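Novice: Residue numbers (the numbering used here): 6 to 394. The C-beta atom is built at its ideal place from N, Cα and C for all residues, glycine as well. A quick note: this is a predicted structure, and the numbers were derived from the prediction, not measured. The structure's right below; bear with me while I get my questions together.
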Ligand code: GAF
C-alpha cells in the first residue's frame, strides 16, 4: 500500500465522520530541499541556491467542528491531542504543527480545530528539512481548509516564525522558502535580505545531484546553530563601531575583517570570514552555472565544505570522510556537507556514467572507515508545497 493510501486510511479510521462530509481529507505534499551552495548565509542576509526535491512530507487534513487539535505522526506511531485555546510548546514533534497554529492565531487568522495525519519520505535528521516541510504543509493546509487567503511568501514567514519562536531554533528562511517556492527542474537564487528571487533552469547535462546520508544525527545541531548565529551577530556588532552603516555580514568585506577582527577576536573572525567568503562563492558559482562551467562550480563546492569544516566548524568526521571519498572518485565534480551540519547529508555532483561506480565505492569505503552504512539518493527537483487532492 502506498504512503498516501496509508495516511488516508489512518485518517478515516481515526476520525470517522467527525464532521459529516469530512471523511475525505485534503492531501498536501510538502517537499524537502537541497542547497547547491551558500550555507549558513541566509540568517546573515546573504544568498542561497536551494531547490525542492522528490522527498516530502505528506499530510491528510480535515477541519473539526470544535476547537480541538488531533495529530497523528504516522511514521513515529504517535498521537497528540490538544486545543486551540492552549498553545504551549510540548518539546515534541507536535511543536512543528502547534508552532504554525500559534503563529496563525497571533497573526489574527480565525479557524476551528482540525485533524491531521502526516508521514513522509524525508529521512528525519538527514538535513533535508523535514521540519520546514512539515511546517509549510500545516500552514498550506490551514490556508486551504479555511480559505484564509495568505500568499506563499507570507506562509514561508509564518513557518519560519513558528520554528524561531515556538520550537526555539533560530533558523534562517532558506528551508521554508525552498520547500514552498520550489519549481521543477529549477534552482532558486534567493537574496535573503530582500527576498527577491529568480529561478534558474538546472542544466546539469549528464550530471546528477546525489545525496549521501552520513546517518549521523547530532544532538548539537540546535544549540551549535544558535551559537553560530550569535557569533555572526557579535562580529557585526563589533564592526559597527568602525562602520556604523553595516547591517549584517552581507555588508562586510574581507579587508574589514582582516583589519579589525583577525588579531583581536580570532574565533569570531573565522566565523565571519567563512560567511563573507561563502557569499562570494555563491555569486561565483551562479556565474559559473550561467557559463555552463560545472567544473568551476564543483571546485567552489569543495571550497564551501572546507570553510564549513575548518572555519565555521559545523561539520563532523563522518561528513568530512564522505567528502574526502567523493573527491577521489572519477566523475565527481564537487561535494560538500549540506544544511545546518553536525550530521545529515552531503550533496555531490556526479557524472551519470560514473554513478554506478560512485555508489559502490562510497558505500564500501564509508562502511570501512566509519562502520556505518550510507544511503544514497539521486535527486529530482520538484515543485514546492501543493495540494495533491
Ligand atoms: C538549516 C537552517 F534551517 C537554514 O535556515 C540554514 O541556515 C541552513 O541550516 C544552513 O545553511 O538548514
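#1: Mind pulling the beta strand (DSSP E) runs of 3 or more residues that sit fully within the region 110-177?
#2: Where DSSP assigns a beta bridge to residue 194, which residues make up the other side?
#3: Between the C-alpha atoms of residue 11 and residue 147, what's the straight-line distance to the nearest angstrom?
#4: Suppose you measure from the CA of residue 75 to the CA of residue 252; what does that come to, to the nearest Å?
#5: Mind checking residue 396: buried by the 16 CB within 10 Å criterion, or exposed?
#6: Does the distance from the CB of residue 309 to the CB of residue 44 come in under 8 angstroms?
#7: Nearest CA to the CA of residue 255: which residue from 49, 295 and 392?
#8: For residue 13, which three-state DSSP category applies?
#9: What I want to know is whether the C-beta of residue 280 ends up closer than 7 angstroms to one or more non-hydrogen atoms of ligand 1.
#10: Say the cut is 7 angstroms; is the CB of residue 48 nearer than that to a heavy atom of ligand 1?
#11: From 338, 249 and 312, pick the residue whose C-alpha is nearest to that of residue 212; which is it?
#12: Of all the options 361, 370, 140 and 69, which has the alpha carbon lying nearest to the alpha carbon of residue 30?
#13: Considering only residues of the same chain and omitting the five flanking positions on each side of residue 157, which have a CB-CB separation below 7 angstroms?
#14: On a CA-only basis, which of 100, 82 and 351 is nearest residue 88? Give me that one, please.
#15: Which residues in the same chain have their Cβ closer than 6 angstroms to the Cβ of residue 107, if we skip the five residues on either side of it in sequence?
#16: May I ask whether a heavy atom of ligand 1 can be found less than 7 angstroms away from the beta carbon of residue 179?
#17: Using a threshold of 7 angstroms, is the CB atom of residue 40 nearer than that to any non-hydrogen atom of ligand 1?
#18: Within 10 Å of its beta-carbon, does residue 259 have 16 or more other beta-carbons around it, so buried, or fewer, so exposed?
#19: Does the beta-carbon of residue 387 have 16 or more other beta-carbons within 10 angstroms, so that it is buried, or is it exposed?
#20: Between which two residues does the beta strand (DSSP E) holding residue 342 run?
#21: Kindly identify the DSSP beta-bridge partner or partners of residue 53.
#22: In three-state DSSP terms, what is residue 91?
#23: Please state whether the Cβ-Cβ distance between residue 390 and residue 141 is less than 8 angstroms.
#24: Identify the continuous beta strand (DSSP E) that holds residue 356 and give its terminal residues.
#25: Got a sec, what are the start and stop residues for the beta strand (DSSP E) residue 37 sits in?
#26: Can you tell me whether residue 394 is buried or exposed? The criterion is at least 16 other CB atoms within 10 Å of its CB, across all chains shown.
#27: Do you know whose CA, among 204, 380, 94 and 264, lies nearest residue 291's CA?
#28: Using only CA atoms, which one of 217, 367 and 125 lies nearest to residue 8?
#29: On the three-state DSSP scale, how would you describe residue 75?
#30: Using the rule of at least 16 other Cβ atoms within 10 Å of the residue's Cβ for burial, across every protein chain shown, is residue 279 buried or exposed?
#31: On the DSSP letters alone, give me the boundaries of the alpha helix (DSSP H) that residue 366 sits inside.
#32: What residues match up with residue 85 in a beta bridge as DSSP calls it?
#33: Can you check whether the C-beta of residue 303 is within less than 8 angstroms of a C-beta belonging to chain B?
#34: Looking only at its chain, what residues have a beta carbon closer than 6 angstroms to the beta carbon of residue 190, apart from the 5 residues adjacent to it on each side?
#35: Can you tell which of 169, 154 and 195 has the C-alpha that lies nearest to the C-alpha of residue 288?
#36: Measuring from the CB of residue 44, is there a heavy atom of ligand 1 at a distance below 7 angstroms?
Specialist: Quick answer:
#1: 119-125
#2: 203
#3: 21 angstroms
#4: 43 angstroms
#5: This structure leaves residue 396 out entirely; the chain is present only between 6 and 394.
#6: yes
#7: 49
#8: helix
#9: no
#10: yes
#11: 338
#12: 69
#13: 185 and 186
#14: 100
#15: 92 and 171
#16: yes
#17: yes
#18: exposed
#19: buried
#20: 337-342
#21: 195
#22: strand
#23: yes
#24: 350-356
#25: 31-40
#26: exposed
#27: 204
#28: 125
#29: strand
#30: buried
#31: 360-375
#32: 76
#33: Among the protein chains of the structure shown there is no chain B, as only one such chain exists.
#34: 207 and 386
#35: 195
#36: yes
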